[in-house]
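*Asks:*
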Amino acid sequence: MTAVLPDLAHEVRRALGTVVDPELDEPVTDLGFVRSVAVDGGAVEVHLRLPTSFCAPNFAWLMVSDAHDAVAAVPGVQRVVVELDDHHDSDLINAGLAAGLGYRGTFGSEAEDSLDELRATFTRKAHTAAMERALTALLRADPSADVREVTLGDLPDDAAAALRRRRSAVGLPVDDGAPVLVRDDGTRPGPDDAAMVLRRARSVRISVDGNAHFCRGLLTTRYPGSEADQVPRPDDRPVLPLEVLP
Amino acid sequence: MYTKDGEQYYVVDAHIALWDARPENQRNVHGKQFIDCFYDYHRNLSPESEVWDYEEYLYQGGERLMRDVFADGIVDHAIFQPARLAEFYHRGFGQTEEAFALAQAHPDKLTYNHYWDPRDGENGLDALRAAAERMHLQGVKLYTADWHGESRGWKLTDPMAYRYLELCRELGIRNIHIHKGPTIRPLDRDAFDVADVDHVATDFTDLTFVVEHCGLPRLEDFCWIATQEPNVVAGLAVAIPFIHTRPRYFAQIMGELVYWLGEDRILFSSDYALWTPKWLVERFVDFQIPEDLTEYAPLTTEVKKKVLGLNAARLYGLDVPEHLRLPEADETQTGPREPAAADLAAV
Numbered sequence: 001m002t003a004v005l006p007d008l009a010h011e012v013r014r015a016l017g018t019v020v021d022p023e024l025d026e027p028v029t030d031l032g033f034v035r036s037v038a039v040d041g042g043a044v045e046v047h048l049r050l051p052t053s054f055c056a057p058n059f060a061w062l063m064v065s066d067a068h069d070a071v072a073a074v075p076g077v078q079r080v081v082v083e084l085d086d087h088h089d090s091d092l093i094n095a096g097l098a099a100g101l102g103y104r105g106t107f108g109s110e111a112e113d114s115l116d117e118l119r120a121t122f123t124r125k126a127h128t129a130a131m132e133r134a135l136t137a138l139l140r141a142d143p144s145a146d147v148r149e150v151t152l153g154d155l156p157d158d159a160a161a162a163l164r165r166r167r168s169a170v171g172l173p174v175d176d177g178a179p180v181l182v183r184d185d186g187t188r189p190g191p192d193d194a195a196m197v198l199r200r201a202r203s204v205r206i207s208v209d210g211n212a213h214f215c216r217g218l219l220t221t222r223y224p225g226s227e228a229d230q231v232p233r234p235d236d237r238p239v240l241p242l243e244v245l246p
Numbered sequence: 001m002y003t004k005d006g007e008q009y010y011v012v013d014a015h016i017a018l019w020d021a022r023p024e025n026q027r028n029v030h031g032k033q034f035i036d037c038f039y040d041y042h043r044n045l046s047p048e049s050e051v052w053d054y055e056e057y058l059y060q061g062g063e064r065l066m067r068d069v070f071a072d073g074i075v076d077h078a079i080f081q082p083a084r085l086a087e088f089y090h091r092g093f094g095q096t097e098e099a100f101a102l103a104q105a106h107p108d109k110l111t112y113n114h115y116w117d118p119r120d121g122e123n124g125l126d127a128l129r130a131a132a133e134r135m136h137l138q139g140v141k142l143y144t145a146d147w148h149g150e151s152r153g154w155k156l157t158d159p160m161a162y163r164y165l166e167l168c169r170e171l172g173i174r175n176i177h178i179h180k181g182p183t184i185r186p187l188d189r190d191a192f193d194v195a196d197v198d199h200v201a202t203d204f205t206d207l208t209f210v211v212e213h214c215g216l217p218r219l220e221d222f223c224w225i226a227t228q229e230p231n232v233v234a235g236l237a238v239a240i241p242f243i244h245t246r247p248r249y250f251a252q253i254m255g256e257l258v259y260w261l262g263e264d265r266i267l268f269s270s271d272y273a274l275w276t277p278k279w280l281v282e283r284f285v286d287f288q289i290p291e292d293l294t295e296y297a298p299l300t301t302e303v304k305k306k307v308l309g310l311n312a313a314r315l316y317g318l319d320v321p322e323h324l325r326l327p328e329a330d331e332t333q334t335g336p337r338e339p340a341a342a343d344l345a346a347v
């Protein structure tokens, strides 16, 4: 029986690894946002932390409630408490989550419908950024490449895998023959707007990657030692690594 | 005036503050959380030699501000952009009277911008009228994420905000500085979204909308709006200190801004007392976009002169010595400014 307990903690952490910061397109476990996981029999208590007190409360809610759902789904878990620490809305969010009030029940008049559109916006941005990374890497290797003609099958394996994951999330085809460069609505740009589609995608990628680096840095400033809980930003983003001074 | 390698730069710091975040002014825990958040920004992005103690970060006062901002005579003029934050601080965060008195004592060096909030209703309109007369306002700073009673944010497209913008137009307040923050009702959508700037920029073409922090963390949304609206300008507050810890990221921010907005619509700002302007100006003058980022043209001395001061001087009618002035670039009003430099996208 005692051997089961560490396994459950491991499974809980694995479940938390499926919870993604929608803005930064990375698991909360890699970002160091998981402050603690405590397992006592079938009862689990998880604490999350964010880079500032004023991180957007809607994103905070998405991560905290996703974490709750993910942990609750782990076999063997009987009771789950997930709490967000040190945020300006910690009391509100933690109470709402504990009472199972949901997004609208928690935020009352500040919530209108749901956070589905917000989530969809950032799932799309995550795809756009991945698309730009793949194409820019290709263009750096071969500046004469015609980006309109590039298909998933033309990409190196790691770039293709990263892009396929994000294409699945937005419902785009993932076969080798699928064109990589697409507009926000999934259609293929024409010769006239292909350059602009790629340029816009570049600003999205710079935003996502820049925010990720800044948020990671701020977390370690706010919580000394938390860098030990961070996993370096994955290698599927090798284009233009941001030089960061120690 | 800053001189380096025989080049002279007229420098305008377009975003400074005289704040008071000392415990006796903190109204609740959010007052502490807010200044702590600033202090973490400061510690995270500053070179070690420029990091202040927490205590001195809480309040600087006018005398120290004059020393810090105008150190070594580098900055020629600075503009106050105050945040009210009345729900977090008893006497507000930005110290209106202290800053205004300082600007009156040094009119050649300082301009005081004030703020308004559409949730102040009709009374606020009267107050803005009175402030404009007393302070000779040329600009205002708007913080859409400010809390106000039960409300935790507002949009530029709110009907009452339009009344205030119309009054700005009437009073000759031409420069509208906007800072996007994270909480706004409804929480359903992205609160950093700058779509409301698009609407007001279209409806008030005679006003200039300076988006502070160049829309960060939504650089991409900002660039897309700004490229279509000739009266939208990028403020570099919070973006420019990345020049130290993340120079390649800063290079990409600059590259994007010059590409989408052009060299005439980017303003240097230290965001004092978040950071001090001296090291930022020195670094910026020495800065260059790395050669391997071939999608961006190098930053010329002319571009740097415009960003560091000439662009803000134009917006505020500051008297730049004749020999330091530069003509505006002959660029398109809308759309990308130098598409030819973006060779990687030339498909």
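Chains P and F, in that order, give the protein sequences. So in the UniProt record's numbering, the last spot in the first sequence is 246, and the numbers never skip. So in the UniProt record's numbering, the last spot in the second sequence is 347, and the numbers never skip. By construction, the Cβ of each residue, glycine as well, lies at the ideal position given by its N, Cα and C atoms.
If contact is defined by three or more beta carbon pairs under 8 Å, each pair taking one atom from either stretch, is the region 225-240 of chain F in contact with the region 257-269 of chain F?
*Replies:* yes
*Asks:* Quick check: the region 185-194 of chain F against the region 137-157 of chain F, are at least 3 beta-carbon pairs closer than 8 Å?
*Replies:* The region 137-157 of chain F makes contact with the region 185-194 of chain F: 3 or more CB pairs, one atom from each, lie closer than 8 Å.
*Asks:* Return the chain-ordered list of same chain residues with a C-beta closer than 6 Å to the C-beta of valine 57 of chain F, the five sequence neighbours on each side being excluded.
*Replies:* On the second sequence, position 57 is the one that residue 57 of chain F refers to. The sequence given here places tyrosine at residue 57 of chain F; valine does not occur at that position. Hits under 6 Å: Tyr39.
*Asks:* In its own chain, which residues sit with a C-beta less than 7 Å from the C-beta of aspartate 30 of chain P, not counting the 5 before and 5 after it?
*Replies:* Working through the first sequence from its first residue, we reach residue 30 of chain P at position 30. Around aspartate 30 of chain P: Gln230 and Val231.
*Asks:* From what residue to what residue does the alpha helix (DSSP H) around glutamine 33 of chain F run?
*Replies:* By 1-based counting over the second sequence, the position of residue 33 of chain F is 33. Looking at the DSSP string, the run of the alpha helix (DSSP H) that includes glutamine 33 of chain F is 29-45.
*Asks:* Can you name the start and end residues of the alpha helix (DSSP H) that glutamate 56 of chain F belongs to?
*Replies:* Within the second sequence, the letter at position 56 stands for residue 56 of chain F. Note, glutamate 56 of chain F: alpha helix (DSSP H), 54-58.
*Asks:* Within 8 Å (strictly less), CB to CB, does glutamate 291 of chain F reach chain P?
*Replies:* Residue 291 of chain F sits at position 291 when you count from the first residue of the second sequence. So no, glutamate 291 of chain F is outside the interface.
*Asks:* By the 10 Å Cβ neighbour count, where 16 or more other Cβ atoms means buried, how is glutamate 24 of chain F classified, buried or exposed?
*Replies:* Position 24 of the second sequence, counted from the start, is the residue given in the question as residue 24 of chain F. When all chains shown are included, glutamate 24 of chain F counts as exposed.
*Asks:* Please say whether leucine 18 of chain F and glycine 94 of chain F have beta carbons closer to each other than 8 Å?
*Replies:* Taking the second sequence and counting its residues from 1, one reaches residue 94 of chain F at position 94. Taking the second sequence and counting its residues from 1, one reaches residue 18 of chain F at position 18. Yes, they are a contact pair.
*Asks:* Could you have a look at tryptophan 19 of chain F and say whether DSSP puts it in helix, strand or coil?
*Replies:* Taking the first residue of the second sequence as 1, we reach residue 19 of chain F at position 19. DSSP places tryptophan 19 of chain F in the strand class (E or B) of the three-state scheme.
*Asks:* Which of the three DSSP states, helix, strand or coil, is assigned to asparagine 311 of chain F?
*Replies:* One-based indexing of the second sequence puts residue 311 of chain F at position 311. Helix, per DSSP.
*Asks:* Ends of the beta strand (DSSP E) at tyrosine 259 of chain F?
*Replies:* As a working mapping, residue 259 of chain F is identified with position 259 in the second sequence. That residue, tyrosine 259 of chain F, is in no beta strand (DSSP E); its alpha helix (DSSP H) goes 247-260.
*Asks:* From the DSSP output, in three-state form, read off phenylalanine 122 of chain P for me.
*Replies:* As a first step, residue 122 of chain P is located in the first sequence; it is residue number 122 there, counting from the start. Of the three classes helix, strand and coil, the one that applies to phenylalanine 122 of chain P here is helix, per DSSP.
*Asks:* May I ask which residues mark the beginning and end of the alpha helix (DSSP H) holding leucine 99 of chain P?
*Replies:* Position 99 of the first sequence, counted from the first residue, corresponds to residue 99 of chain P. Rather than leucine, the amino acid found at residue 99 of chain P in this sequence is alanine. No alpha helix (DSSP H) contains alanine 99 of chain P, which DSSP labels as neither H nor E.
*Asks:* Rounded to the nearest angstrom, what separates glycine 186 of chain P and isoleucine 240 of chain F at their Cα positions?
*Replies:* Looking up residue 186 of chain P in the first sequence gives position 186. Looking up residue 240 of chain F in the second sequence gives position 240. Roughly 35 Å separates the two Cα atoms.
*Asks:* Is arginine 163 of chain F helix, strand or coil by DSSP?
*Replies:* Translated into the one-based positions of the second sequence, residue 163 of chain F becomes position 163. Three-state result, arginine 163 of chain F: helix.
*Asks:* Give me the DSSP bridge partner(s) of asparagine 175 of chain F.
*Replies:* Mapped onto the second sequence, residue 175 of chain F falls at position 175. DSSP output for asparagine 175 of chain F lists F:Gly139 and F:Thr208 as bridge partner(s).
*Asks:* How should proline 182 of chain F be labelled, buried or exposed, when 16 other C-beta atoms within 10 angstroms of its C-beta is the threshold for buried?
*Replies:* As a working note, residue 182 of chain F is residue 182 in the second sequence. Result: buried.
*Asks:* Which residue wins for smallest C-alpha separation from glutamate 220 of chain F, given the options P:Cys215, P:Pro57 and P:Asp209?
*Replies:* For the purposes of this step, residue 220 of chain F is identified with residue 220 of the second sequence, where counting begins at 1. When each option's Cα is compared against that of glutamate 220 of chain F, the closest is P:Asp209.
*Asks:* Would proline 27 of chain P and valine 37 of chain P be called neighbours here (beta carbons separated by less than 8 Å)?
*Replies:* If you number the first sequence from 1, residue 27 of chain P lands on position 27. If you number the first sequence from 1, residue 37 of chain P lands on position 37. No. Outside cutoff.
*Asks:* Comparing the C-beta of leucine 14 of chain P with each C-beta of chain F, is any distance below 8 Å?
*Replies:* Counting from 1 along the first sequence, the entry for residue 14 of chain P is found at position 14. Going by the sequence as given, residue 14 of chain P is arginine instead of leucine. Not one chain F Cβ lies under 8 Å of arginine 14 of chain P.
*Asks:* Since threonine 221 of chain P and arginine 43 of chain F should fall inside the 8 Å C-beta cutoff, what is the C-beta to C-beta distance between them, to a whole number of angstroms?
*Replies:* Residue 221 of chain P sits at position 221 when you count from the first residue of the first sequence. Residue 43 of chain F sits at position 43 when you count from the first residue of the second sequence. The Cβ separation is near 5 Å, so the contact holds.
*Asks:* Would you grab the beta carbon distance between tyrosine 59 of chain F and aspartate 20 of chain F for me? Rounded to a whole angstrom, and I think it's under 8 Å.
*Replies:* In the second sequence, counting from the first residue as 1, residue 59 of chain F sits at position 59. In the second sequence, counting from the first residue as 1, residue 20 of chain F sits at position 20. 5 Å between Cβ atoms; contact.
*Asks:* CA-CA distance, valine 347 of chain F and glutamate 291 of chain F?
*Replies:* For this step, residue 347 of chain F is matched to residue 347 along the second sequence. For this step, residue 291 of chain F is matched to residue 291 along the second sequence. Any answer about valine 347 of chain F is weak, because its pLDDT of 40 lies below 50 and its placement is not dependable; what the coordinates show is given next. Cα to Cα, valine 347 of chain F sits roughly 21 Å from glutamate 291 of chain F.
*Asks:* Based on the DSSP secondary-structure assignment, which residues constitute the bridge partners of tyrosine 112 of chain F?
*Replies:* Mapped onto the second sequence, residue 112 of chain F falls at position 112. According to DSSP, tyrosine 112 of chain F bridges with F:Phe80.
*Asks:* Who are the near neighbours of alanine 126 of chain P in its chain, counting only those whose CB is closer than 8 Å to its CB and skipping five residues on each side?
*Replies:* Within the first sequence, numbered from 1, the residue matching residue 126 of chain P stands at position 126. Listed in chain order, the non-local C-beta contacts of alanine 126 of chain P below 8 Å within the same chain comprise Pro22, Asp25, Arg166, Ala169 and Val208, local neighbours out to five positions each way being set aside.
*Asks:* Any residues in the region 150-168 of chain P with a beta carbon nearer than 8 Å to a beta carbon of chain F? Which ones, in chain order?
*Replies:* Those residues of the region 150-168 of chain P that come within reach of chain F (Cβ to Cβ, closer than 8 Å) do not exist; the list is empty.
*Asks:* Buried or exposed for valine 29 of chain F, going by 16 or more other Cβ atoms inside 10 Å?
*Replies:* Numbered from 1 along the second sequence, position 29 holds the residue referred to as residue 29 of chain F. Looking at its Cβ environment, which holds fewer than 16 other Cβ atoms inside 10 Å, valine 29 of chain F is exposed.
*Asks:* Taking all protein chains shown into account, decide if alanine 43 of chain P is buried (16 or more other Cβ within 10 angstroms of its Cβ) or exposed.
*Replies:* As a position in the first sequence, residue 43 of chain P is number 43, starting the count at 1. The residue in question, alanine 43 of chain P, is exposed, as its Cβ has fewer than 16 Cβ neighbours within 10 Å.
*Asks:* Leaving out five residues on either side along the sequence, give the residues of the same chain with a beta carbon under 6 Å from the beta carbon of glutamine 333 of chain F.
*Replies:* If you number the second sequence from 1, residue 333 of chain F lands on position 333. Hits under 6 Å: Pro230.
*Asks:* Note down, one range per segment and in chain order, each alpha helix (DSSP H) of at least 4 residues found wholly within the region 149-203 of chain P.
*Replies:* 157-170
*Asks:* Going by the CB atoms, is the gap between leucine 172 of chain P and leucine 198 of chain P shorter than 8 Å?
*Replies:* What you label residue 198 of chain P is simply residue 198 of the first sequence in a count that begins at 1. What you label residue 172 of chain P is simply residue 172 of the first sequence in a count that begins at 1. No Cβ-Cβ contact shorter than 8 Å links leucine 198 of chain P with leucine 172 of chain P.
*Asks:* Pick out whichever of P:Asp66, P:Gly32, P:Val71 and P:Phe59 has its Cα sitting closest to the Cα of glutamate 45 of chain P.
*Replies:* As a working note, residue 45 of chain P is residue 45 in the first sequence. The shortest Cα separation from glutamate 45 of chain P among P:Asp66, P:Gly32, P:Val71 and P:Phe59 belongs to P:Val71.
*Asks:* Near alanine 132 of chain F, which residues of its chain fall below 7 Å by C-beta distance, leaving aside the five closest residues on each side in sequence?
*Replies:* Walking along the second sequence from the start, residue 132 of chain F turns up at place 132. Leaving aside the five residues that flank alanine 132 of chain F on each side, the residues in its chain whose CB is nearer than 7 Å to its CB run, in chain order, Leu171 and Ile173.
*Asks:* Buried or exposed: glutamate 328 of chain F, going by 16 or more other Cβ atoms within 10 Å of its Cβ?
*Replies:* To locate residue 328 of chain F, count along the second sequence from 1; it is residue 328. Per the 10 Å Cβ criterion, exposed.
*Asks:* Going along chain P in order, which residues have a C-beta closer than 8 Å to the C-beta of alanine 191 of chain F?
*Replies:* Taking the first residue of the second sequence as position 1, residue 191 of chain F is located at position 191. Correct list: Ala56 and Asn58.
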